[in-house]
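Numbering (the working numbering), first residue to last: 2 to 273.
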Ligand code: NAI
Ligand code: BGC
């Protein structure tokens, strides 16, 4: 894997990453810190892992702050934003990353499984985005910091586009994220707020251990990936740091697939 260095394009910016004690969120938090941002690490469980990420961020010379909140609970999200403003002063970048799967064959899916996934993956992103937009609008553009008044990155999935049998609640949540993101982007663009999604393919994290942890599973996964390797969290981290930076200032309402070609209909490479 080539290691590409991110330059300090986010110097002085304050970021919040939800679900940042694990997987993609952790990778993004570290990439934003490497690019110069101070970062609030939201976690829901495993405070030890959150503290480790904070320590790594401080090792990079930035401020890190861990905050426990369930993103699907309005009062907890409001408390998290209060802490963000009190401790870090403002917010420039929100990364809506927290998410989960609760898989089941459709005819066996319980209402609880449906709600848990929609509440976290979609409502959680709504609640955090709303609070971020409130602060972005209150503060406006600070030209020394960024040409935008604020940036929101929604972590969606290739499954906002690719239907996924056995994961109906999850695909529905990510499809919802796609049009929520685009509609917010359309509404807040005049206030110089950029809203985009990163839509990963298969990235090696705890959410999909079954898909990569045995040689057989990994071989089968590769048939879905033209680029012929699984994604790593750093692949997503680098894209997030760039998309949040002024280098991407004219991009809003876009869903960027970081998927090694998973959305290229790999089954048609030899057929059709
Ligand atoms: P992960 O399981 O390592 O991380 C998910 C994080 O979200 C964990 O820190 C978890 O504690 C947190 N979380 C779950 N419910 C929460 C809640 N109610 N409040 C606050 N935090 C909560 O998995 P991964 O892969 O890093 O997932 C991160 C995001 O990336 C998710 O939105 C997922 O849907 C998305 N994604 C993952 C892909 C993959 O292949 N790993 C591909 C496409 C999208
Ligand atoms: C899912 C992973 C899956 C990937 C590609 C993600 O949204 O969370 O479990 O490996 O999509 O299918």
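For each residue, glycine too, the CB sits at the ideal point set by N, CA and C.
Contact check, residue i vs residue j, beta carbons under 8 Å
i, j, result
"residue 175", "residue 98", "no"
"residue 79", "residue 132", "yes"
"residue 250", "residue 150", "no"
"residue 203", "residue 209", "yes"
"residue 200", "residue 266", "no"
"residue 65", "residue 40", "yes"
"residue 23", "residue 52", "no"
"residue 119", "residue 173", "yes"
"residue 134", "residue 189", "yes"
"residue 16", "residue 239", "no"
"residue 42", "residue 237", "no"
Where residue i sits in the DSSP three-state scheme
i, result
"residue 257", "strand"
"residue 39", "strand"
"residue 197", "strand"
"residue 148", "coil"
"residue 95", "strand"
"residue 15", "strand"
"residue 225", "coil"
"residue 105", "coil"
"residue 29", "helix"
"residue 66", "strand"
"residue 177", "helix"
"residue 3", "Note that residue 3 has pLDDT 46, beneath the 50 cutoff, so the model's placement of it is unreliable and the number below is only indicative. Three-state DSSP puts residue 3 in coil, outside helix and strand."
"residue 272", "coil"
"residue 202", "coil"
"residue 232", "strand"
"residue 153", "strand"
Distance, residue j Cα to residue i Cα
i, j, result
"residue 84", "residue 93", "14 Å"
"residue 27", "residue 54", "7 Å"
"residue 18", "residue 102", "19 Å"
"residue 177", "residue 125", "12 Å"
"residue 2", "residue 185", "Summary for residue 2: the model assigns pLDDT 45, below 50, so the residue's position carries little reliability; its value from the coordinates is reported in the next sentence. About 35 Å."
"residue 163", "residue 263", "9 Å"
"residue 139", "residue 108", "46 Å"
"residue 261", "residue 38", "27 Å"
"residue 286", "residue 234", "With the chain covering 2 to 273 only, the question about residue 286 has no answer from this structure."
"residue 232", "residue 224", "14 Å"
"residue 212", "residue 105", "16 Å"
"residue 247", "residue 110", "43 Å"
"residue 14", "residue 205", "28 Å"
"residue 68", "residue 161", "29 Å"
"residue 254", "residue 142", "19 Å"
"residue 229", "residue 272", "18 Å"
Contact test: residue i Cβ vs the ligand NAI heavy atom, cutoff 7 Å
i, result
"residue 71", "yes"
"residue 99", "yes"
"residue 207", "yes"
"residue 91", "no"
"residue 203", "yes"
"residue 256", "no"
The ligand BGC heavy atom lying under 7 Å from the CB of residue i
i, result
"residue 159", "yes"
"residue 102", "yes"
"residue 245", "no"
"residue 125", "no"
"residue 212", "yes"
Residue environment, residue i, which counts as buried when at least 16 other CB atoms sit within 10 Å
i, result
"residue 6", "Note that residue 6 scores 47 on pLDDT, short of 50, meaning its location in the model is unreliable; the coordinates nonetheless yield the value given after this. With fewer than 16 Cβ atoms within 10 Å of its Cβ, residue 6 is classed as exposed."
"residue 35", "buried"
"residue 158", "buried"
"residue 270", "exposed"
"residue 221", "exposed"
"residue 112", "exposed"
"residue 187", "exposed"
"residue 60", "exposed"
"residue 152", "buried"
"residue 20", "buried"
beta-carbon residue i near the ligand GDP non-hydrogen atom, thresh 7 Å
i, result
"residue 122", "The ligand content of the structure shown is limited to the ligand NAI and the ligand BGC, which means the ligand GDP is not among them."
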